[in-house]
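Participant:
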Amino acid sequence: MEGVFSYAPAIAAFPLVAFVVALAFGKYMPKKGALAGIFATAGSLLLSVVMLVAVASGEVYHETLYEWAVGDALTEVGTDGIEFTFGILIDPLSALMLVIVSLIAFLVHVFSLGYMNAEGETGLPRYYAGLGLFTFSMLAFVYADNLLMAFMFFELVGLCSFLLIGFWFRTRSAPSAAKKAFLVTRFGDYFFLIGVVAIAATFGTLQFAGDESFVVAAETAIADGEQLFGFGAETWVTITGLLVLGGVVGKSAQFPLHTWLPDAMEGPTTVSALIHAATMVAAGVYLVARMFGYYAQSPTALAIIAFVGGFTALFAATMGVVKDDIKQVLAYSTISQYGYMMLGLGVGGYVAGVFHLMNHAFFKALLFLGAGSVIVLMHHEQDMWKMGGLKDKAPVTYYTFLAGALALAGIIPFSGFWSKDEILYDAMIVGLEEPVIMAAYAMGLLAVFFTGFYTFRMVFLTFHGEPRSETAENPHPVGWSIKAPLIVLGVLALVAGIANLAPVAKLTGLDITFLEFWLDGEYGAIEGLTYSAYGELLAYETGVVGSEQLTVAIAAGVSLLLAFSGAGVAWKLYNVPEPTAHKEKLGSVGKVVEDNYYQDEYQVWLAEGLTLPLARAADRFDQTAIDGLVDGVSTASLFGGDRMKRIQTGLVTNYAALLVAGFIALLVVLGLYGGWFL
61 MEGVFSYAPA IAAFPLVAFV VALAFGKYMP KKGALAGIFA TAGSLLLSVV MLVAVASGEV
121 YHETLYEWAV GDALTEVGTD GIEFTFGILI DPLSALMLVI VSLIAFLVHV FSLGYMNAEG
181 ETGLPRYYAG LGLFTFSMLA FVYADNLLMA FMFFELVGLC SFLLIGFWFR TRSAPSAAKK
241 AFLVTRFGDY FFLIGVVAIA ATFGTLQFAG DESFVVAAET AIADGEQLFG FGAETWVTIT
301 GLLVLGGVVG KSAQFPLHTW LPDAMEGPTT VSALIHAATM VAAGVYLVAR MFGYYAQSPT
361 ALAIIAFVGG FTALFAATMG VVKDDIKQVL AYSTISQYGY MMLGLGVGGY VAGVFHLMNH
421 AFFKALLFLG AGSVIVLMHH EQDMWKMGGL KDKAPVTYYT FLAGALALAG IIPFSGFWSK
481 DEILYDAMIV GLEEPVIMAA YAMGLLAVFF TGFYTFRMVF LTFHGEPRSE TAENPHPVGW
541 SIKAPLIVLG VLALVAGIAN LAPVAKLTGL DITFLEFWLD GEYGAIEGLT YSAYGELLAY
601 ETGVVGSEQL TVAIAAGVSL LLAFSGAGVA WKLYNVPEPT AHKEKLGSVG KVVEDNYYQD
661 EYQVWLAEGL TLPLARAADR FDQTAIDGLV DGVSTASLFG GDRMKRIQTG LVTNYAALLV
721 AGFIALLVVL GLYGGWFL
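Letter by letter, the sequence shown follows residues 61 to 738 of my numbering.
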């Protein structure tokens with residue numbers, strides 16, 4: 061371990077210590093464990109920034125900390141032995157993500173002072189312990205240097221989300237939502253685990269980086285035309301990549317495993333901010349970015365990622381337009397926005413996907429914390445139709461929330477525009493040559509309109525017009541522990557787009573794509589984990605409409621037009637003194653959308669109509685055939701033993717008679733087979 065990187069383990073260790081302190085001593089502490097969490101996340105943030113600076117100065121870090129299992133095994137590519145280790149990998153991607161996670165966690169802890177402590181919540185030590193463990197899990201996941209370690213912390217992130225979503229366990233809805241989140245994401249994680257085992261069995265390594273990584277091993281196997289478990293190497297990479305993708309689809313709430321996320325709003329709003337912006341939901345997309353070199357070797361896997369992302373972006377956006385609960389709107393916007401990230405990564409837009417992951421963390425944390433501020437203002441009312449008129453009564457909340465809304469809708473110059481536009485541009489130029497990608501691009505483009513609509517419908521119903529309830533008329537004031545995080549995130553929602561002004565760079569020729577330089581190793585990187593290295597593996601062809609500059613202008617112009625159109629329709633319908641609901645005008649279509657396309661119903665049907673009968677049939681087979689065979693052997697043994705014991709009389713004359721009879725029988729058998737009687 062060298063230099064500042066020797067402190068890298070402390071980035072995750074600080075929140076772990078806060079977890080222990082809050083759990084053991086929180087009830088005796090002044091803020092019930094909040095201060096331990098604040099100091100811990102501040103320490104993690106400071107060290108993360110130090111790591112970022114170190115990487116910017118040209119240093120990177122990859123170190124194995126602990127070797128916990130070594131085995132002798134012959135893998136499919138002929139490697140003898142396999143090692144399971146804990147290690148740390150700090151490169152441009154992980155250094156950036158460490159700062160994002162620790163910053164959001166720190167702001168959430170500060171915000172919690174006004175949202176949880178000031179509201180007199182019970183169980184605060186348990187809450188802050190959960191936040192500490194959650195933050196520790198995500199930070200350790202981010203700098204994990206191998207797939208198995210990543211999987212372990214991926215699962216711990218899921219456990220923490222279960223605990224925090226179910227924080228208000230005395231209600232009926234919160235524990236139900238927590239169980240749903242746990243079970244739905246576990247379904248995807250089964251495939252992830254199989255993928256981890258398959259990759260280990262194939263390549264004998266689970267390392268992300270270096271010459272011994274499974275990415276390099278896969279590249280070599282494809283180049284050599286090897287057969288892996290009876291499949292061509294590229295086909296096997298596709299299969300294993302899609303297995304790992306199962307976990308990504310579950311954690312990042314992509315179709316069809318998205319149904320847990322809206323229900324997860326039963327947890328505290330601060331938990332929602334952390335889950336949606338920087339931890340659980342972000343973990344899936346980050347994993348795809350971390351494994352991008354592996355996926356880049358399978359055009360089929362990338363196309364599936366892109367199509368699922370584009371479809372999810374549109375699918376979730378349509379559901380967001382009919383929700384009345386402010387947190388529900390934001391939940392569906394999260395599903396949609398992570399769909400955009402998947403679309404970007406699926407079309408080979410590694411920089412665009414990571415860029416949107418960063419920007420989304422800032423503006424989605426802002427919007428959820430802003431929603432938390434609104435909920436405090438409204439005495440814990442979440443129905444937007446009972447709000448209105450908050451614009452002048454809570455100006456800090458309004459203007460920061462507006463900044464987040466403009467970023468979410470993709471309005472220039474806010475951060476969301478730059479990253480979403482780059483994703484759509486990358487999808488467009490690949491789609492000109494690939495019909496499947498063009499379909500994904502079209503869905504992503506159409507989702508822009510719905511995003512603009514539901515975002516500003518939310519803004520207008522919440523803040524504009526006349527107050528529509530007594531609570532909105534006399535809102536509860538909020539303190540600076542709530543306002544300060546909103547201001548920080550509001551500034552980031554405005555300026556974070558400067559990190560990668562790709563459209564401007566393409567139109568002017570200026571070198572202002574700083575994030576691209578960063579991810580391409582201009583400042584420092586591990587060989588093979590750069591944007592250029594990934595680009596060499598991609599098999600996509602790209603096209604343009606006339607010229608690159610014209611294509612950029614068309615892509616940005618159409619995206620902005622749709623965003624403004626959606627916002628304009630919302631302005632027309634809802635920016636009035638007394639807005640009215642318009643869902644009934646949608647008729648049966650509106651009913652289907654409001655019921656989430658019956659996603660929960662069909663999953664219940666699958667469970668009760670398909671899975672349960674199969675389980676019962678398997679149970680009957682197990683009890684009759686399997687148990688019957690096992691029990692039959694024991695029954696036969698008991699029966700035989702019972703019969704045999706009857707000849708154990710203890711009389712010598714009986715034993716002599718049996719001995720003579722046996723001897724005679726033996727002579728008869730030998731005589732028959734030996735030909736004595738012929």
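Where a beta carbon is used, it is the ideal one built from N, C-alpha and C, also for glycine.
None of the values given here were measured: they were computed from a predicted structure.
Around the Cβ of Gly86, are there at least 16 other Cβ atoms within 10 angstroms (buried) or fewer (exposed)?
Facilitator: As a position in the sequence shown, residue 86 is number 26, starting the count at 1. Buried, because 16 or more other Cβ atoms sit within 10 Å of the Cβ of Gly86.
Participant: Out of Ala155, Ile435, Met498, Val137, which one is the CA nearest neighbour of Phe115?
Facilitator: The residue given as residue 115 occupies position 55 in the sequence shown. At residue 115 the sequence reads Val, which differs from the Phe that was named. Taking only the C-alpha atoms, the option nearest Val115 is Ala155.
Participant: With DSSP as the reference, label Phe291 as helix, strand or coil.
Facilitator: Stepping through the sequence shown from its first residue, residue 291 is reached at position 231. The answer is strand: DSSP assigns Phe291 an E or B state.
Participant: Give me the Cα-Cα distance between Tyr458 and Leu549, rounded to the nearest whole angstrom.
Facilitator: One-based indexing of the sequence shown puts residue 458 at position 398. One-based indexing of the sequence shown puts residue 549 at position 489. Roughly 13 Å between the two C-alpha positions.
Participant: On the DSSP bridge assignment, give the partners of Phe85 in chain order.
Facilitator: Locating residue 85 in the sequence shown gives position 25, where the first residue counts as 1. Phe85 is not bridged to any residue.
Participant: Val331: buried (16+ other C-beta within 10 angstroms of its C-beta) or exposed?
Facilitator: The residue given as residue 331 occupies position 271 in the sequence shown. Flag for Val331 reads buried.
Participant: Looking at the structure shown, is Met61 part of a helix, part of a strand, or coil, going by DSSP?
Facilitator: Start at 1 with the first residue of the sequence shown, and residue 61 comes out as number 1. With a pLDDT of 48 at Met61, under the threshold of 50, the modelled position of that residue is not reliable, and the figure given next carries that caveat. Three-state result, Met61: coil.
Participant: Please state if the CB of Asp486 and the CB of Gly404 are separated by a distance shorter than 8 Å.
Facilitator: The sequence position of residue 404 within the sequence shown is 344, counting from 1. The sequence position of residue 486 within the sequence shown is 426, counting from 1. Yes, the pair counts as a contact, with Cβ atoms nearer than the cut-off.
Participant: What is the rounded straight-line gap between the Cα of Leu622 and the Cα of Val496?
Facilitator: Here residue 622 refers to the residue found at position 562 when the sequence shown is read from its first residue. Here residue 496 refers to the residue found at position 436 when the sequence shown is read from its first residue. The alpha-carbon atoms of Leu622 and Val496 are separated by roughly 22 Å.
Participant: Using the beta-carbon count (16 or more within 10 Å), is Asp284 buried or exposed?
Facilitator: Translated into the one-based positions of the sequence shown, residue 284 becomes position 224. Classification of Asp284: exposed, given that the 10 Å Cβ count is below 16.
Participant: Can you say whether Pro537 is buried or exposed, counting buried as having 16 or more other CB atoms within 10 angstroms of its CB?
Facilitator: Along the sequence shown, one-based indexing puts residue 537 at 477. Pro537 comes out exposed.
Participant: Since Gly546 contacts Leu429 with CB under 8 Å, what's their CB separation in whole angstroms?
Facilitator: Mapped onto the sequence shown, residue 546 falls at position 486. Mapped onto the sequence shown, residue 429 falls at position 369. With the sequence shown as reference, residue 546 is identified as Leu, and Gly is not the correct amino acid for it. About 6 Å separates the two Cβ atoms, so the contact holds.
Participant: For Ala258, which residues in the same chain have their Cβ closer than 7 Å to its Cβ, ignoring the five residues on either side in sequence?
Facilitator: Taking the sequence shown and counting its residues from 1, one reaches residue 258 at position 198. The answer, listed in chain order, is Thr300, Leu303.
Participant: Should Asn560 be labelled buried (16 or more other beta-carbon atoms within 10 Å of its own) or exposed?
Facilitator: For this step, residue 560 is matched to residue 500 along the sequence shown. Buried, since its Cβ has 16 or more Cβ neighbours within 10 Å.
Participant: Note down, in chain order, each residue of its chain lying with its Cβ closer than 6 Å to the Cβ of Met503, except the 5 sequence neighbours on either side.
Facilitator: The count along the sequence shown starts at 1 and reaches residue 503 at position 443. Same-chain partners within the cutoff: Gly370, Phe371, Leu374.
Participant: If you run the structure through DSSP and keep just helix, strand and coil, what is Ile365?
Facilitator: Here residue 365 is taken as the residue at index 305 of the sequence shown, counted from 1. DSSP places Ile365 in helix when its eight states are reduced to three.
Participant: Could you have a look at Gln659 and say whether DSSP puts it in helix, strand or coil?
Facilitator: Counted from its first residue, the sequence shown places residue 659 at position 599. DSSP places Gln659 in helix when its eight states are reduced to three.
Participant: Go ahead and pull the three-state DSSP assignment for Trp631.
Facilitator: Here residue 631 refers to the residue found at position 571 of the sequence shown. Correct three-state label for Trp631: helix.
Participant: In whole angstroms, what is the alpha-carbon distance linking Val382 and Phe681?
Facilitator: Counting from 1 along the sequence shown, the entry for residue 382 is found at position 322. Counting from 1 along the sequence shown, the entry for residue 681 is found at position 621. Each residue's alpha carbon lies about 47 Å from the other.
Participant: DSSP state of Gln267, grouped into three classes?
Facilitator: Counting from one through the sequence shown, the residue named residue 267 turns up at place 207. Note: Gln267 maps to strand in three-state DSSP.
Participant: Which residues in the same chain as Ala721 place their Cβ atom closer than 8 Å to its Cβ, once the five residues preceding and following it in sequence are excluded?
Facilitator: Within the sequence shown, the letter at position 661 stands for residue 721. Correct list: empty, nothing qualifies.
Participant: Output the distance between the C-alpha atoms of Asp679 and Gly408, rounded to the nearest integer angstrom.
Facilitator: For the purposes of this step, residue 679 is taken as residue 619 along the sequence shown, with counting starting at 1. For the purposes of this step, residue 408 is taken as residue 348 along the sequence shown, with counting starting at 1. If I take the Cα positions, the gap works out to 46 Å.
Participant: Measure the alpha-carbon distance for Ile71 versus Ala102 and round it to whole angstroms.
Facilitator: By one-based count along the sequence shown, residue 71 stands at place 11. By one-based count along the sequence shown, residue 102 stands at place 42. Between Ile71 and Ala102, the C-alpha separation is close to 10 Å.
Participant: At which residues does the alpha helix (DSSP H) containing Ser221 begin and terminate?
Facilitator: Position 161 of the sequence shown holds residue 221. Taken as a continuous stretch (DSSP letters only), the alpha helix (DSSP H) holding Ser221 covers 207-225.
Participant: Note down the Cα distance separating Leu1 from Lys705, rounded to an integer number of angstroms.
Facilitator: Any answer about residue 1 is impossible in this case: the structure gives the chain only from 61 up to 738.
Participant: First and last residue of the alpha helix (DSSP H) that includes Asn177?
Facilitator: Residue numbering aside, residue 177 sits at position 117 when the sequence shown is read from its first letter. First-last for Asn177: undefined, no H or E at that position.
Participant: With distances taken Cα to Cα, identify the nearest neighbour of Phe213 among Phe574, Lys311, Phe577.
Facilitator: Taking the sequence shown and counting its residues from 1, the one referred to as residue 213 is at position 153. Phe213 has its Cα closest to that of Lys311, out of Phe574, Lys311, Phe577.
Participant: Per the contact definition of three or more C-beta pairs closer than 8 Å, is the region 242-257 in contact with the region 195-202?
Facilitator: Not touching, per the Cβ criterion.
Participant: DSSP three-state call for Ile148: helix, strand or coil?
Facilitator: Here residue 148 corresponds to residue number 88 of the sequence shown, with the count starting at 1. Here Ile148 sits in strand by DSSP.
Participant: Taking Ala467 as the reference, which of Lys451, Ala507, His420 has the closest Cα?
Facilitator: The count along the sequence shown starts at 1 and reaches residue 467 at position 407. The shortest C-alpha separation from Ala467 is found at His420.
Participant: Straight-line CA distance for Ala585 to Val297?
Facilitator: As a working mapping, residue 585 is identified with position 525 in the sequence shown. As a working mapping, residue 297 is identified with position 237 in the sequence shown. Approximately 25 Å between the Cα atoms of the pair.
Participant: Using a 10 Å radius around the Cβ and a threshold of 16 neighbouring Cβ atoms, would you call Met61 buried or exposed?
Facilitator: Here the question's residue 61 lines up with position 1 in the sequence shown. Low local confidence applies: a pLDDT of 48 at Met61 is under 50, so the model's placement there is unreliable, and no value is given.
Participant: Take Thr460 as the anchor and find which of Ala553, Phe516, Gly290 has the nearest alpha-carbon.
Facilitator: Reading the sequence shown from its first residue, position 400 is the one you call residue 460. Comparing Cα positions, the closest option is Ala553.
Participant: By alpha-carbon positions, which one of Phe352, Tyr346, Asp580, Ala361 ends up nearest to Tyr398?
Facilitator: Locating residue 398 in the sequence shown gives position 338, counting from the first residue. The shortest Cα separation from Tyr398 among Phe352, Tyr346, Asp580, Ala361 belongs to Tyr346.
Participant: Assign Leu718 to one of three DSSP states: helix, strand, or coil.
Facilitator: Taking the first residue of the sequence shown as 1, we reach residue 718 at position 658. The answer is helix: DSSP assigns Leu718 an H, G or I state.
Participant: DSSP state of Ile471, grouped into three classes?
Facilitator: For this step, residue 471 is matched to residue 411 along the sequence shown. Ile471 falls in the coil class under three-state DSSP.
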